[in-house]
Every structure is written in structure tokens, then in C-alpha cells.
Amino acid sequence: MFAHILVPVVDDMVNAKNMKTVATLLSEAGARATLLYISDPRAPYVYTTKVADYKKADERHEQVCDAHAKVVLEKAARLIGGEVKIKTLHEYSTEVYEGILEAAKKVKANAILMASHKRTGLKKVFMGSDTYAVIANSKLPIIVI
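Letter by letter, the sequence shown follows residues -3 to 141 of the numbering used here.
Below, the structure is given as C-alpha cells:
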């Protein structure tokens, strides 16, 4: 049914239970996967105290993001296991849902597998839902776990 599934991951999603669910779904679908980690391209400027050093702060931010994404993606791939063909991708986007949709186009995925944080109440109002935004704006099928 789905040959290539994009799987956006975030730190708190990458645990044995969730990755086993992802592995089972991918295996049963006979699909290959691209694991995606999205970083915000805007540096928080905590790396510097002078405006003149903002360029260095941007470079430091990119290094930190790349290193962190590598750790998260490698852990997710390891937990999913070797039975599923997996690639990893690290992208930058100010809006997570837009980064996910762009990455889906880039890797030519034909479905997106996402986790829901199940936020309710004020957390949902103030933090929003990237999963909902992807569902609302995607032309691809979305699988929510």
C-alpha cells in the first residue's frame, strides 16, 4: 500500500515502545522509511553576548542542532531495528509542519507516520498541534499513532 513512509521524530517520541510500534507498522506495510528530525534555524543567541558575534552564534547553533539530530535519528533507527530499510534526514524549518511537508516532497514519500502528543486544554490552545497542521495541509495520507 505505502512504499515509502516519512516518520518525523522528536526527542520524547524516541523510546522502545514507540519505535517498536513504528517498526511493526513499517514491517507490516512492507515500506521503507525516512526518519526526519526538524530543527528551528533561528539561533537563540545564548551562545554570544555581542551583536557582532551573531554569525558565530548561528554557526554554533547549526553545529549543536546537527549533532543533536544525529543522536536522535541514530537512536530511533537503532530502536526500529534492521528489518526495515531506513534513511535519515535532518531539516531546518521555522514551522515544524511546513518542514515535514517539504521533507515529504523532497524524499517522495507517499505517506506520513506521526505521533500525537495528546495535548488537551490550555496546552493544546497555546502549543498547538503539529500533527493537526500536517493533517490539515497535507495531500498525503497521514497515519497517527
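For every residue, glycine included, the Cβ atom is placed at its ideal position computed from N, Cα and C.
query, result
"Classify LYS83 as helix, strand or coil using the three-state DSSP reduction.", "strand"
"Can you round the beta-carbon distance between THR30 and LYS83 to whole angstroms, since I take them to be within the 8 Å contact cut?", "5 Å"
"By how many angstroms is the C-alpha of ALA12 removed from the C-alpha of GLY26?", "20 Å"
"Measure the alpha-carbon distance for LYS66 versus HIS86 and round it to whole angstroms.", "8 Å"
"Using three-state DSSP, classify ILE96 as helix, strand or coil.", "helix"
"Return the Cβ separation of VAL10 and LEU32 in integer angstroms, given the expectation that the two are a contact with Cβ distance under 8 Å.", "That pair is no contact at about 12 Å."
"Would you list the residues sitting across from LEU31 in a DSSP beta bridge?", "VAL3, THR84"
"So, at 7 Å on beta carbons, what are the nonlocal neighbours of THR17 in its own chain, with the 5 sequence-adjacent residues on each side left out?", "ILE141"
"Using the C-alpha atoms, what's the distance from MET110 back to ILE139?", "6 Å"
"Kindly give me the distance between the Cβ atoms of SER23 and GLU79, rounded to whole angstroms, as I take these residues to be in contact under 8 Å.", "6 Å"
"Kindly list the residues whose CB is nearer than 6 Å to the CB of SER89, restricted to its own chain and excluding five residues on each side of it in sequence; keep chain order.", "ILE34, GLY95"
"DSSP three-state call for VAL10: helix, strand or coil?", "coil"
"Suppose you measure from the CA of PHE122 to the CA of ASP62; what does that come to, to the nearest Å?", "With a pLDDT of 46 at PHE122, under the threshold of 50, the modelled position of that residue is not reliable, and the figure given next carries that caveat. Going from the Cα of PHE122 to the Cα of ASP62 covers about 28 Å."
"Quick one: Cα of LEU97 to Cα of VAL130, how far?", "7 Å"
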